[in-house]
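**Student:**
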Amino acid sequence: MQAGAAIKGILFDKDGTLLDYDESWLPVNRELAAIAACGDAALAKRLLRACGMDPDTGKIEPDSLLAAGNTKQIAEGLTAAGSPLSISELTERLDVLFAQAVDYAVPVADLAVHFSRLKKLGLRLGIASSDNERSIRLMAARFGITEYVDFIAGYDSGFGVKPEPGMVLGFCAATGLEPSQVAMVGDNNHDLHMGRNAGTGMTIAVLTGTGDRLSLSEADYCLDDITGLESLLA
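Residue numbers for the sequence shown follow my numbering, so the first one is 295 and each next one is one higher.
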């Protein structure tokens, strides 16, 4: 069977998959650490390290909190590492920061062009992110893909969190597809494991985020970026 013969839908992660992680999120990570440290520069560096980012080089550890965690999980990690703010206050402030960050996000390609081409193949498309749903919808609107997206879920949408299977199952319920007809596309193992836990027909890793070929070796396929999907699934 050809790679895409049974695939009728694609569920995308957002950050590191549709958006270039380093270009879009390294400045945001520094800002969230500053917020969590209440302006204490030394503490901000310690918080970044605790959550998976080298404050000097900007390198992100694959599958770390900053690579794969949702807002609440990141807030919990920051508080555990020494932030004087409460988890609830941090979660609220970070959700606001992440929504504002959409204005500075950098896509990995012309998303409208590629989503349009995938829709012409008859594929149903969705986005499942550990970010909040508002931020995802703002991103989709900014880059002109709202009309092509059949399903959107964030950590706060009621489908559970990665790597639980709920977002995939929600996509299937919204589109009428079976999990075996869905390809899960992401840049870290939370995405791949969510796909596996839901029984997706395919897991596809991309290298525009925090993972590399070694850390993403569990994927069925590993692509440089999402522009390789059309030829893989056509």
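Idealized CB from N, CA, C, for every residue including glycine.
Values in this document were obtained by computation on a predicted structure and should not be read as measured data.
1. Indicate whether Gly-493 and Pro-473 have their beta-carbon atoms separated by less than 7 Å.
2. Do you know how far the Cα of Asn-323 is from the Cα of Ile-520?
3. Just to confirm the assignment, what range does the alpha helix (DSSP H) spanning Cys-466 have?
4. Output the distance between the C-alpha atoms of Phe-465 and Pro-457, rounded to the nearest integer angstrom.
5. DSSP has Tyr-398 in a bridge; who is on the other side?
6. Which full runs of the alpha helix (DSSP H) of 4+ residues lie inside the segment 402-468, going along the chain?
7. Could you please give the first and the last residue of the uninterrupted beta strand (DSSP E) stretch that includes Ile-498?
8. Measure the alpha-carbon distance for Leu-338 versus Ala-327 and round it to whole angstroms.
9. Can you give me the start and stop residues for the alpha helix (DSSP H) that Leu-379 sits inside?
10. Does at least one heavy atom of the ligand PLP sit under 6 Å from the Cβ of Ile-498?
11. If you run the structure through DSSP and keep just helix, strand and coil, what is Leu-320?
12. Would you kindly check if the distance between the Cβ of Leu-341 and the Cβ of Leu-391 is under 7 Å?
13. Quick check on this structure: which residue in Leu-526, Glu-524 and Gly-503 has the alpha carbon closest to the alpha carbon of Ser-358?
14. Pick from Arg-411, Ala-395, Ile-381 and Ser-318: whose alpha carbon is nearest that of Ser-525?
15. Between the beta-carbon of Gly-420 and the beta-carbon of Phe-445, is there less than 7 Å?
16. In or out: Pro-378 buried (at least 16 other Cβ within 10 Å) or exposed?
17. Which stretch, first to last residue, makes up the beta strand (DSSP E) that contains Leu-517?
18. Taking only three categories from DSSP, how would you classify Gly-493?
19. Going along the chain, which residues of its own chain have a beta-carbon closer than 7 Å to the beta-carbon of Asn-364, five neighbours each way excluded?
20. Rounded to the nearest angstrom, what separates Asp-506 and Pro-356 at their Cα positions?
21. In the structure shown, what three-state DSSP assignment does Leu-313 receive?
22. Helix, strand or coil for Leu-305? Go by DSSP, reduced to three states.
23. Nearest to Arg-428 by alpha carbon, out of Leu-417, Asp-397, Arg-418 and Ala-406?
24. Does Ala-477 come out as helix, strand or coil in the three-state DSSP assignment?
**Tutor:** Once the coordinates are examined:
1. Contact flag set, yes.
2. The C-alpha of Ile-520 lies about 24 Å from the C-alpha of Asn-323.
3. For Cys-466, the enclosing alpha helix (DSSP H) covers residues 460-469.
4. Straight-line Cα distance between these residues: approximately 15 Å.
5. Answer by DSSP bridge pairing: none, since Tyr-398 is not bridged.
6. Restricting attention to alpha helix (DSSP H) runs no shorter than 4 residues, the segment 402-468 encloses them at 405-414 and 427-436, ordered along the chain.
7. Counting along the chain, the beta strand (DSSP E) containing Ile-498 begins and ends at 496-500.
8. According to the sequence displayed, residue 338 carries Ala and not Leu. Each residue's Cα considered, the two are about 5 Å apart.
9. No alpha helix (DSSP H) holds Leu-379; DSSP gives it neither H nor E.
10. Summarising the ligand content, the structure contains no ligands, and the ligand PLP is consequently not present.
11. Correct three-state label for Leu-320: helix.
12. No.
13. Of the residues Leu-526, Glu-524 and Gly-503, the one whose Cα lies closest to the Cα of Ser-358 is Gly-503.
14. Looking only at Arg-411, Ala-395, Ile-381 and Ser-318, the smallest Cα-Cα distance to Ser-525 is reached by Arg-411.
15. In this structure, Phe-445 lies closer than 7 Å to Gly-420 by Cβ.
16. By the Cβ neighbour-count rule, Pro-378 is exposed, with fewer than 16 other Cβ atoms within 10 Å of its own.
17. It spans 515-517 - the beta strand (DSSP E) in which Leu-517 sits, taken as one unbroken run.
18. Gly-493 falls in the coil class under three-state DSSP.
19. Taken in chain order, the residues that qualify are Ser-424, Tyr-449 and Val-455.
20. Their backbone Cα atoms lie some 8 Å apart in a straight line.
21. In this structure, Leu-313 counts as strand in the three-state DSSP scheme.
22. In the three-state DSSP reduction, Leu-305 falls in the strand class (E or B).
23. Ranking the options by Cα distance to Arg-428, first place goes to Asp-397.
24. Correct three-state label for Ala-477: strand.
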